[in-house]
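The sequence shown begins at 46 in my numbering and counts up one residue at a time. Heads up, the thing below is written out as structure tokens.
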Amino acid sequence: MTEYASLKDHVYKYIANKIQNGALLPGEKINEAEICEKLNISRTPAREALIQLSSENMLEYIPRRGFIVKEIDTKRKLEVYEIIGVLDALAATSAIDNITSEDILKMKELVDKIGISIKYTNYTDYMNFQNEFHDIYIKKSNNETLIEMLDTLKNNFIRQSYLSEDKEKLFTVLEDVNKEHKDIISCFERKDMKKLEDILKNKHWYTAYMDMI
């Protein structure tokens, strides 16, 4: 049972990352056989992962067609981004006294890496580094339920908010978002809880989402 659970989680993360990085797009069918072969696993954990992803609204099951990547409507995206902002702000303010100088240094390094990703219009690297940045303080919140909720919500919706064909606009927006990453670091350094909460709750996620909706 533990082995299946571990394999299921592996498949879950594999598919979620592909959706988030744009390798799987809304409406695209999930090839179960290909995933099983790629990850060298049986159908049971793969199917369990697909069912979980479906229950979390990342996938949709269509009879005689199988699992496809679900497209989220604009209204629901906006609602979820408001929730992400609130929860991310809660995680950050909960973590503010747990953030170390090493954490600050790592976040600064990631901001630099994000900047390079934007310069070379590498969206996959951008998403990976951006997730690493936020995960540093989210994990330091020491609230497992909050961590799991944010992980699910972000996997679900972030990629689908950046499907614009206007790449120049996309990376211009992401430059502004990365400037806010620097502001977030500054708040941690000053332990400015009020400003930190305001940036994450009312600005950071809202800016990124509304400019690319």
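Glycine is no exception: its CB is placed at the ideal position from the N, C-alpha and C atoms.
Quiz item: CA-CA distance, Met46 and Cys81?
Solution: At Met46, the pLDDT of 41 sits below 50, so the modelled position is not reliable and the matter cannot be decided from this model.
Quiz item: Can Met194 and Leu132 be called in contact, C-beta distance under 8 Å?
Solution: By the CB criterion at 8 Å, Met194 and Leu132 fall inside the cutoff.
Quiz item: Can you name the residues that DSSP bridges to Phe174?
Solution: Residue pairing by DSSP leaves Phe174 without any beta bridge partner.
Practice problem: Mark Tyr126 as exposed unless 16 or more other C-beta atoms lie within 10 angstroms of its C-beta, in which case mark it buried. | Solution: Taking a 10 Å sphere around the C-beta of Tyr126, we find 16 or more other C-beta atoms and assign the residue as buried.
Quiz item: Between which two residues does the beta strand (DSSP E) containing Ile107 stretch?
Solution: Following the DSSP letters along the chain, one finds Ile107 inside the beta strand (DSSP E) bounded by residues 104-107.
Self-check item: Buried or exposed by the 16-neighbour rule on C-beta atoms within 10 Å, applied to Pro90
Solution: In this structure Pro90 is buried. Its beta-carbon is surrounded by 16 or more other beta-carbon atoms within 10 angstroms.
Exercise. State the DSSP-derived secondary structure class of Gly38, mapped to helix, strand or coil.
Key: The first residue shown for the chain is 46 and the last is 258, placing residue 38 beyond what the model contains.
Quiz item: Could you give the distance in angstroms between the alpha-carbon of Leu84 and the alpha-carbon of Leu198?
Solution: Cα to Cα, Leu84 sits roughly 25 Å from Leu198.
Quiz item: According to the Cβ coordinates, are Ser186 and Ser139 closer than 8 Å?
Solution: Yes.
Practice problem: Evaluate the contact criterion for the region 157-172 versus the region 216-234: three or more CB pairs, one atom per stretch, below 8 Å. | Solution: The region 157-172, when compared against the region 216-234, does touch it at the 8 Å Cβ threshold.
Self-check item: Inter-residue CB distance, Ala61 and Met103 (contact presumed, cutoff 8 Å)
Solution: Yes, Ala61 and Met103 are in contact; Cβ-Cβ is about 7 Å, under 8 Å.
Quiz item: Of the residues Arg121, Met172, Asp157, Ile181, which one's Cα is nearest the Cα of Glu147?
Solution: Considering only alpha carbons, the answer is Ile181.
Quiz item: Measuring CB to CB, does Ile159 end up less than 8 Å from Tyr171?
Solution: Note that the C-beta distance between Ile159 and Tyr171 is below 8 Å.
Quiz prompt | Where Lys185 sits in the DSSP three-state scheme | solution = It is coil, neither helix nor strand.
Quiz item: With C-beta atoms as the reference, is Ala134 less than 8 Å away from Leu245?
Solution: Contact flag set, yes.
Quiz item: Going straight from the alpha carbon of Tyr57 to that of Glu101, what length do you get?
Solution: In a straight line, the C-alpha of Tyr57 is about 11 Å away from that of Glu101.
Quiz item: Quick one: what does DSSP say Lys74 is sitting in, helix, strand or coil?
Solution: Secondary structure at Lys74: strand, using DSSP grouped into helix, strand and coil.
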